[in-house]
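S.K.: Under the working numbering, read the sequence shown as residues 991 to 1287, first letter to last.
A virtual CB, placed ideally from N, CA and C, is assigned to each residue, including glycine.
Predicted, not measured: the structure shown is a model, and the values here were computed from it.
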Amino acid sequence: MIRRSALAVFVFLLCLGLAGFSFADEELESKADREFSGIEESFDSGAIGFSKAIRRYRRLIKRYPNARASAGAQYTIGELFEKLEKKEEALAAYTVVLDRYPKSEYFLPATDDLYRIGCGLFESGLEGFLVNTYEKSLKVFNKLLEVDPYSECAGEIRYKAGVCSMKLGDYIGAASEFQRVIRDYRKEPWLEKALYQLGVCYFRQSLPAERDQAMTDKAVEGLVLFKEKYPESDLINGVDEKLHILEERKARSFYLTYLFYRKQKQETASMFYFRELVRCYPDSEWADAARDLVKGT
991 MIRRSALAVF VFLLCLGLAG FSFADEELES KADREFSGIE ESFDSGAIGF SKAIRRYRRL
1051 IKRYPNARAS AGAQYTIGEL FEKLEKKEEA LAAYTVVLDR YPKSEYFLPA TDDLYRIGCG
1111 LFESGLEGFL VNTYEKSLKV FNKLLEVDPY SECAGEIRYK AGVCSMKLGD YIGAASEFQR
1171 VIRDYRKEPW LEKALYQLGV CYFRQSLPAE RDQAMTDKAV EGLVLFKEKY PESDLINGVD
1231 EKLHILEERK ARSFYLTYLF YRKQKQETAS MFYFRELVRC YPDSEWADAA RDLVKGT
């Protein structure tokens, strides 16, 4: 009987404690909300400026890190930095919203703002207006793909991430992004653009005739496929010129390999490469040079 009474008292006290904690949480939320509203009113009335508002929002977040109002404070910090035209600080603030408050009402607005700023930086980079914008926009695009890899804009974001990587000289990373667009998203115009840029990626990685021609083969395959699939594309200009460069490179590679085996007096191997050269690139100067050597034998 005593034990049951003690247990009942314990359960009663535990319930009181839990209720107390719940009340305390609600009280903290209420305090955070009031503080957030006070900062907002002070800024809107002109009583405090941008810097002081940001400092006060940061103090609120530090004091109530898990409160609903802290998500709003963090998002508002991003908005204030944008008004101050401090894009990097704004991006950092919105990114914190995604990382720390993924279930808050500010998650989607922060995602939209990251997308908007990232695309703006990307366009500025293409137009040559700003320096080092590709690193910044790539960081934004990677974050957006991390939090929602299958959003409505994911194909566009992944394509632009690929362009950023290519502009930064990371052709392997860029090719991977373009391949993902082609495989997983397949929406126009990003599919068309990704197919073209994938061919260009391989073109940029194509090595001189004396070296391995695997990327040359991939570039030819990619650009020919693009040309066949999108013959009326605005991107078609320059494709034929690139293909000519690649074909000349590959023809010279065959010719050099033919010469090597010829000098080694390995007739079977040398004639194999001779026939391949003449079959694949009959009108090239390298095919003519090889024919002259064979005739003179």
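(1) Can you give the Cα-Cα distance for L1128 and R1046, rounded to whole angstroms?
(2) For the alpha helix (DSSP H) containing L1215, list its first residue and its last residue.
(3) Rounding to the nearest angstrom, what Cα-Cα distance links F1011 and E1031 in this structure?
(4) In three-state DSSP terms, what is E1030?
(5) Leaving out five residues on either side along the sequence, give the residues of the same chain with a beta carbon under 8 angstroms from the beta carbon of R1194.
(6) Restricting to Cα atoms, I'd like to know which of Q1064, Y1054, R1058 and A1057 is closest to A1043.
(7) As a quick exercise: from F1264, V1171 and D1015, pick the residue whose alpha carbon is nearest that of Y1140.
(8) Comparing alpha-carbon positions, which option in S1114, R1106, G1286 and R1058 lies nearest R1090?
(9) Going by C-alpha distance, which of G1062, A1277 and Y1054 is nearest E1238?
(10) What residues in its chain sit with their C-beta under 8 angstroms from that of K1309, if we drop five residues either side in the sequence?
(11) In the structure shown, what three-state DSSP assignment does K1129 receive?
(12) Is T1101 buried or exposed, if buried means 16 or more other CB atoms sit within 10 Å of its CB?
(13) What does the alpha-carbon distance come out to for the pair D1138 and N1122?
(14) So, using beta-carbon positions, are F1131 and I1107 closer together than 8 angstroms?
(15) Could you compute how far the alpha carbon of R1265 sits from the alpha carbon of F1244?
(16) State the CB to CB distance for the pair A1280 and R1242, rounded to an integer number of angstroms; the pair is presumed to be in contact (CB under 8 angstroms).
(17) Flag this pair as yes or no: are the beta carbons of A1164 and C1191 separated by less than 8 angstroms?
(18) Among S1035, A1037 and Y1054, whose alpha-carbon lies nearest the alpha-carbon of E1019?
M.R.: The relevant details are as follows:
(1) On the sequence shown, position 138 is the one that residue 1128 refers to. On the sequence shown, position 56 is the one that residue 1046 refers to. Straight-line Cα distance between these residues: approximately 31 angstroms.
(2) Mapped onto the sequence shown, residue 1215 falls at position 225. Secondary structure note for L1215: its alpha helix (DSSP H) is the uninterrupted segment A1204 to K1219.
(3) Looking up residue 1011 in the sequence shown gives position 21. Looking up residue 1031 in the sequence shown gives position 41. At F1011 the pLDDT is 33, less than 50, meaning the model places this residue with poor confidence; the figure from the coordinates comes in the next sentence. One C-alpha to the other measures close to 30 angstroms.
(4) Stepping through the sequence shown from its first residue, residue 1030 is reached at position 40. Secondary structure of E1030 (DSSP, three-state): helix.
(5) Within the sequence shown, the letter at position 204 stands for residue 1194. If we look at R1194 and ignore the five residues flanking it on each side, its Cβ neighbours are M1156 and Y1161.
(6) Taking the first residue of the sequence shown as 1, we reach residue 1043 at position 53. When each option's Cα is compared against that of A1043, the closest is Q1064.
(7) The residue given as residue 1140 occupies position 150 in the sequence shown. Comparing Cα-Cα distances from Y1140 to each of F1264, V1171 and D1015, the minimum goes to V1171.
(8) Here the question's residue 1090 lines up with position 100 in the sequence shown. Among S1114, R1106, G1286 and R1058, the Cα nearest to that of R1090 is on R1058.
(9) On the sequence shown, residue 1238 is found 248 positions in, with the first residue counted as 1. With distances taken between Cα atoms, E1238 lies closest to A1277.
(10) A question about residue 1309 goes unanswered here, because the residues of the chain that appear run from 991 up to 1287.
(11) The residue you call residue 1129 lines up with position 139 of the sequence shown. Of the three classes helix, strand and coil, the one that applies to K1129 here is helix, per DSSP.
(12) As a position in the sequence shown, residue 1101 is number 111, starting the count at 1. Buried: at least 16 other Cβ atoms inside 10 Å.
(13) Counted from its first residue, the sequence shown places residue 1138 at position 148. Counted from its first residue, the sequence shown places residue 1122 at position 132. For D1138 and N1122, the distance between alpha carbons rounds to 25 angstroms.
(14) Taking the first residue of the sequence shown as position 1, residue 1131 is located at position 141. Taking the first residue of the sequence shown as position 1, residue 1107 is located at position 117. When the beta-carbon positions are compared, F1131 and I1107 stay at least 8 angstroms from each other.
(15) As a working note, residue 1265 is residue 275 in the sequence shown. As a working note, residue 1244 is residue 254 in the sequence shown. One C-alpha to the other measures close to 10 angstroms.
(16) The count along the sequence shown starts at 1 and reaches residue 1280 at position 290. The count along the sequence shown starts at 1 and reaches residue 1242 at position 252. That belief does not hold up - the Cβ atoms of A1280 and R1242 are roughly 11 angstroms apart, past 8 angstroms.
(17) As a position in the sequence shown, residue 1164 is number 174, starting the count at 1. As a position in the sequence shown, residue 1191 is number 201, starting the count at 1. Yes; because the gap between Cβ atoms is below 8 angstroms, this pair is in contact.
(18) Walking along the sequence shown from the start, residue 1019 turns up at place 29. Answer by Cα proximity: Y1054.
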